[in-house]
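Residue numbers (my numbering): 1 to 232.
For glycine and all other residues, C-beta sits at the position ideal for the given N, C-alpha and C.
The structure presented is a predicted model; accordingly, all values stated were derived computationally and were not measured.
Beneath this line is the structure, given in structure tokens, with notes to follow.
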Ligand SMILES: [Zn+2]
């Protein structure tokens, strides 16, 4: 059975001492991968958390020149982690190819058309998608597990977001961004490390003005949706 190298025991000492963690879970993280769609919003912060946790390969999708700076900074966090740059526009032509190569996909996209495309492709590829949405002071996080959760197309109307205009979201209240990043990173680490505890049918919302969280539950796969049904 594989084991951590001596310097890795030291590097992950804090994380390994958590009750839910184990050497096997750490090895899964090191052998695992995550793709982050977009570096605005939560993307960069999620990447930092995943790199520090030792997720072995982290892909970044961004068409802007800020990608090179992000890769440079993230590469210094953890020598165990490979940071992979995908400088491209996330659209129907690129989505399948880039998402297919990773264990978990993180949605840090800033427009709804792209978010729904990520959901469609994740369902098609049978791949977990950790959705993050930012709305000024509030945010929401939903871990979509194909075959178990509703797809994002189905989930959003159920949380009352069917009327959200298809335009760019505001993502500029930094503390809210950090809350969403923390939730998305936690979900990704749990999925990749095999730590369990992700049911996939609950969407969590947080409001930084009231400091209240709420949960919308039972966002289960819908039998009348072709995407939800695709992965029985
Ligand atoms: Zn659906």
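Here residue 38 is near residue 61, since their CB atoms are less than 8 Å apart.
Taking C-beta separations shorter than 6 Å and ignoring five residues to either side along the sequence, the partners of residue 200 in its chain run 143, 145, 148, 149, following chain order.
The Cβ atoms of residue 34 and residue 137 do not sit closer than 8 Å to each other. Taking a cut-off of 5 Å from the heavy atoms of ligand 1, the residues with a C-beta inside it are 151, 154, 225, 227, 228. The beta carbon of residue 25 lies closer than 8 Å to those of 193, 194, 195 in the same chain, with the five residues before and after it left out.
DSSP, reduced to helix, strand and coil, places residue 193 within a helical segment of the structure shown. In chain order, 119, 123, 144, 225, 227, 228 place their CB closer than 7 Å to the CB of residue 151, counting only its own chain and leaving out the 5 sequence neighbours on each side. In the displayed model, residue 221 falls within coil according to three-state DSSP, outside both helix and strand.
For the 8 Å CB-CB criterion, residue 105 and residue 184 do not form a contact. Per DSSP, residue 69 is one residue of the alpha helix (DSSP H) stretching across 66 to 75.
For residue 57, the enclosing beta strand (DSSP E) has its first and last residue at 57 to 61.
The alpha-carbon separation between residue 189 and residue 127 amounts to approximately 15 Å. By the criterion of a C-beta distance shorter than 7 Å, residue 191 is surrounded in its chain by 104, 128, 198, once the five residues flanking it on both sides are discounted.
When secondary structure is reduced to three states using DSSP, residue 210 falls in the coil class, being assigned neither helix nor strand.
Of the other Cβ atoms in all chains shown, 16 or more fall within 10 Å of the Cβ of residue 107; this residue is therefore buried. In terms of Cα proximity to residue 4, the closest of 19, 20, 18, 31 is 31. Selection 49, 50, 48, 86 evaluated against residue 65 yields 86 as nearest (Cα-Cα).
Distance check between residue 111 and each of 11, 135, 94, 75 places 135 closest, using alpha-carbon atoms only. Under the 10 Å beta carbon count, residue 17 is surrounded by fewer than 16 other beta carbons and is classified as exposed. Comparing alpha carbon positions, the residue from 155, 212, 12, 28 closest to residue 203 is 155.
Taken through DSSP and simplified to helix, strand or coil, residue 20 comes out as coil. In this structure, residue 84 lies away from residue 43, with their beta-carbon atoms at least 8 Å apart.
In this model, residue 158 and residue 206 are separated by some 17 Å (Cα to Cα).
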